[in-house]
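Let me begin by presenting the structure, written as structure tokens, before commenting on it.
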Amino acid sequence: MFPLSSTTDSTTEVPRDEVRETEIARISAALGDAVVDSLVKPHDDMWIRVTADSWLRTAETLKSLGYNYFCFVSAIDWMPSPFGKGEDDPTEPAPERDMSIKQGYTGGATRFQVLARLTQPHTSLGINIKADVDDATMSIQSWTSVFAGANWHERETWEMFGIVFAGHPDLRKMYLPTDFEGYPLRKDFPLLARIVKPWPGIVDVEPMPGDDEQEEGGAS
Amino acid sequence: MTMIGDRQQLAYIAAQAADARVNVELETEGMTLNIGPQHPATHGTLRIIARLDGEQVIWAEPSAGYMHRGYEKLTEVRTYPQVTALINRIDWLGSFANEVPFILAAEKLMGVEAPPRAQHIRTILFELSRIANVSLFLGDLGVQMGAVTPVFFAFRDREYVLNLIEAATGGRFHPNFDRIGGLKDDLPAGFIDETRTVMKKLRNFCDEIEGLLFGNEIFQSRTRGIGVIPKDVALQYGLSGANLRASGVDWDLRRDQTIPMAWDKVDWKVWTHPDGDSFARCWVRLQEVRESTKIVDQLLDTIPSGPVMAKVPKIIKVPEGEAWVSTENPLGEMGYYVVSQGDQGPFRVKIRSASFNNISIVPWALKGVYVPDIITILASLYFILGDIDR
Amino acid sequence: MGLVDRGRLPKPLTTLFNLGRSHSMWVYQWGLACCAIEMGAAFGSPRYDVMRLGVIPLPASPRQADLVVISGTVTDKMAPAIKRLYEQMPEPKYVISMGSCANCGGPYWDSYSVTKGVDQIIPVDVYVPGCPPRPEALLEGIVMLQQRIKNEDMGARWRGEGTKPMTVVDGESIEKGGVPVVVNN
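Note that the protein sequences, when read in sequence, are chains A, B and C.
Numbers 1 to 220, taken from the UniProt record's numbering, label the letters of the first sequence in order.
Numbers 1 to 390, taken from the UniProt record's numbering, label the letters of the second sequence in order.
Numbers 1 to 185, taken from the UniProt record's numbering, label the letters of the third sequence in order.
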């Protein structure tokens, strides 16, 4: 019914998950054209992507559908890190990296996406909600009017990604000193200690002598 | 004579001025009370700023971030096995429990499942870390209300549990014992008998604490009816664990969720309390320690034989995908949203820690309470700084 | 006393004073992270019982403390508070840095918000390594510090000369410039 990620090759073996499929159909019907894409991984989890304009309406609708347990709000920066794993030798020129954006489940069109999760306590069914954040405005509606607990999570997300939550009562720094500059969880925020001196522990992923050739990287 | 008259007049003026000052004080323009960032009652470095009107709190706000260590950023530059060494330190009292959801999420993405023996031992260690965590809470609870004895009991009995964890994993505090696909090692010889003895000691400890603290009149009058959090407020703030169950929500992820752990193989009970006050939260935790000792006892009887490690490649590469796994940690629901792009390390990890949500209710819960109740409410909500700030 | 102020103290008096000072240390517990619990176990639990060493772990404020144990991760947000605490303590004052995070940043060596070592802010007398160190390691660090206090020249310290850190080699104190005591765990 819904396309799974191409890397999951066991789709045919897994039996259909009717509970989640009816649930996502119910949610899609209630949200109408706000839903851009949705995904069910059988016996695992549900994903839904909504338009940025309907972010607040999604929260209200889901709350009325019984998803009244607020789990978290956060964001994802889909840009690959220009610093890789922070393991480059600072004396050498930086290596070429593939900087094309590879979106996750339910796709997306922008660099930043907000990600939230709500749960139905009596069934323990959870749903991950995503929405694209416009790169130019970097702004999305706040959930604080629906879930009071979103207050701190949105402050954190604003501090870490620079995403503004319109309608948030008190958007100020929570973790970092007030004079801290930059948004640490953006991929282009460098970890200076790593740029000065690369991670020395990288050697321990080298294969041991005598290891099977087929064994290494078998999962890829 | 005039001298005396002048003096009298001056004294009168001074008295008037003093009265005026007292009147100003009685009007209580408000005062800001700053607790922390380093204060014994805040279990670490949480800072609470409260505006008071007399003895009443009119506005309170915790100021977090004194322990922010940037886990989410650091996971992005580490490989999967390195991440477990890091996330151990989020909730430092129940370290093993932090590893489990992350490892489960990575296993889910890889399509690996730990062998039954590993799942069983994981569950035992998980519950042991819960006991180590919550027993210190029960001891510390007394200190917040002026009873110093329980904390000595807690430290005494907690050492037995830490010895067990150390015997099995090699680390008192931060085991780093969980591997993708299983465990680093099997249990040591003599572990099962020793654990049974310790579980008995811990049940005695619970009885001691119940008699010493929960039956104490002062304790009851300082916690009963104080800091009441109704069910719907608890849900919309995302409270979890004992805090949620103390508000009457019968929800425990250990029971209500299918994850490859051994909780469904034993018989135990989820305790709830209808009151939602400080007493209820403490009481539910006490019962949880008891249930945990029962879970461990039953699991010890039924450890299946077999390997403790599934077949996984030496160099772990996790296929592309996203996974969310949360477990019922000592502090509440702890979950990891892992985004992988087929690398040796995660692309993004969102750490949903329990204390962050549990403490975000503090501005709501402290409104209108009296100053001494700040401490008891904070103590009963139970947080660990690393779990708030990450 | 006057004698100390002038910077000259007879040898027997120095020995007596140092003996007293080293066995009545009031230690302020600056618990920050995981190490705080191990520090609590060392100072508060019946098993380790720090008071038998003549250390009193319960001063009311840093103004009454001789020794501060910085245990745990020091963040950039916390650093000014630590500096302020240290300045409030009366001389002579000593610092034990407990755990890898306080020593050098530890597992957070590349973090954007962690101070890489408390010695960037205040001078440290004893480093106790470990993540977290066992309570026994902290007790050994305290014993090392006590040995150091016993061999200290108070007059020189008053004049500001005796603050050179020392290394302890095979239990024997050797005065050496600039090398602090490191407890081997």
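Even glycine gets a Cβ: it sits at the ideal position worked out from N, Cα and C.
Just so we're clear, the structure is a prediction, and the values are computed from it rather than from any experiment.
One or two residues paired with Asn88(B) in a DSSP bridge: None; Asn88(B) has no bridge partner.
Cβ contact (3+ pairs, closer than 8 Å) linking the stretch 19-33 of chain C and the stretch 63-72 of chain C: yes
Gly182(A) classed as buried or exposed, judged by whether at least 16 other C-beta atoms fall within 10 angstroms: Answer is exposed; the Cβ neighbour count stays below 16.
Cutoff 8 Å: Met334(B) Cβ touching any chain C Cβ: no
Under 7 Å from the C-beta of Gly149(A): neighbouring residues of chain B: Per Cβ cutoff of 7 Å: Gln236, Tyr237, Gly238, Asn357, Ser360.
Alpha-carbon spacing of Pro81(B) relative to Gly182(B), whole angstroms: 12 Å
Segments assigned alpha helix (DSSP H), at least 4 residues, entirely inside the stretch 87-139 of chain C: 99-104
Nearest-angstrom Cβ-Cβ length linking Gly248(B) and Thr272(B), presumed shorter than 8 Å: Right, their Cβ atoms sit about 6 Å apart.
Contact set between Asp119(C) and chain A, taken where Cβ atoms lie within less than 9 Å: In chain order: nothing, as chain A lies at least about 16 Å away.
Contact under 8 Å by Cβ, Trp324(B) with Asp45(A): yes
Where Gly335(B) falls: helix, strand or coil (DSSP): strand
Contacting positions in the stretch 166-178 of chain A - beta carbon closer than 8 Å to chain C: Tyr175, Leu176, Pro177
Helix, strand or coil at Asn358(B) according to DSSP, with G and I counted as helix: It is helical.
Min CB distance Ser74(A) to chain B below 8 Å: yes
Reduced DSSP secondary structure (H/G/I, E/B, other) of residue 412(B): The shown model of chain B, from 1 to 390, leaves out residue 412(B), and the question about it has no answer.
Nearest residue (CA-CA) to Tyr69(A), options Asp252(B), Ala354(B), Tyr237(B), Lys265(B): Tyr237(B)
Helix, strand or coil at Thr327(B) according to DSSP, with G and I counted as helix: strand
In DSSP terms, what Leu67(C) is bridged to: DSSP lists Val27(C), Tyr94(C) as the bridge partner or partners of Leu67(C).
Near-chain C residues of the stretch 80-94 of chain B - C-beta to any C-beta below 8 Å: Ala85, Leu86, Arg89, Trp92, Leu93
Under 8 Å between C-beta atoms of Gly368(B) and Gln56(B): yes
Within-8 Å CB hit, Lys83(C) to chain A: no
Contacting residues, own chain, Cβ-Cβ under 7 Å from Asn163(B) (five flanking each side not counted): none
Continuous beta strand (DSSP E) assignments of at least 3 residues falling wholly in the stretch 31-60 of chain A: 35-41, 45-50
Gly211(B) in three-state terms, based on DSSP: helix
In chain order, each alpha helix (DSSP H) run of at least 4 residues that lies wholly inside the stretch 117-182 of chain B: 149-169
CB of Met138(A) within 8 Å of CB of Gly104(A), strictly: For Met138(A) and Gly104(A), no; Cβs fall outside 8 Å.
Beta-carbon proximity list for Asp190(A), same chain, < 7 Å, skipping 5 on both sides: Note that residue 190(A) corresponds to Pro in the displayed sequence, not to Asp. Counting only Cβ-Cβ distances below 7 Å, and skipping sequence neighbours, we find Phe83.
8 Å Cβ cutoff, Ala219(A) in contact with chain B: Any reading at Ala219(A) must be qualified, since the residue scores a pLDDT of 41, below 50, and its modelled position is unreliable; the value itself is stated next. Yes - at least one Cβ of chain B is within 8 Å of the one on Ala219(A).
At least 3 beta-carbon pairs within less than 8 Å: the stretch 140-147 of chain B vs the stretch 193-208 of chain B: Because the criterion of three Cβ pairs below 8 Å is not met, the stretch 140-147 of chain B and the stretch 193-208 of chain B do not touch.
8 Å contact criterion, which Gly108(A) and Trp143(A) should meet: CB distance rounded: Actually they are not in contact, since the Cβ atoms of Gly108(A) and Trp143(A) sit about 19 Å apart, beyond 8 Å.
Partners in chain A for Trp30(C), counting only beta-carbon separations shorter than 8 Å: Within chain A, no residue comes near Trp30(C); the closest Cβ sits about 19 Å away, beyond 8 Å.
Min CB distance Met67(B) to chain C below 8 Å: True, the Cβ-Cβ gap to chain C drops below 8 Å.
Residue-chain proximity (Ser100(C), chain A), Cβ-Cβ < 8 Å: no
Where Asn128(A) falls: helix, strand or coil (DSSP): strand
Contact the stretch 116-123 of chain B vs the stretch 257-274 of chain B: 3+ CB pairs below 8 Å: In the pairwise beta carbon analysis, the stretch 116-123 of chain B is classified as touching the stretch 257-274 of chain B: at least three pairs are separated by under 8 Å.
Reduced DSSP secondary structure (H/G/I, E/B, other) of Leu33(B): strand
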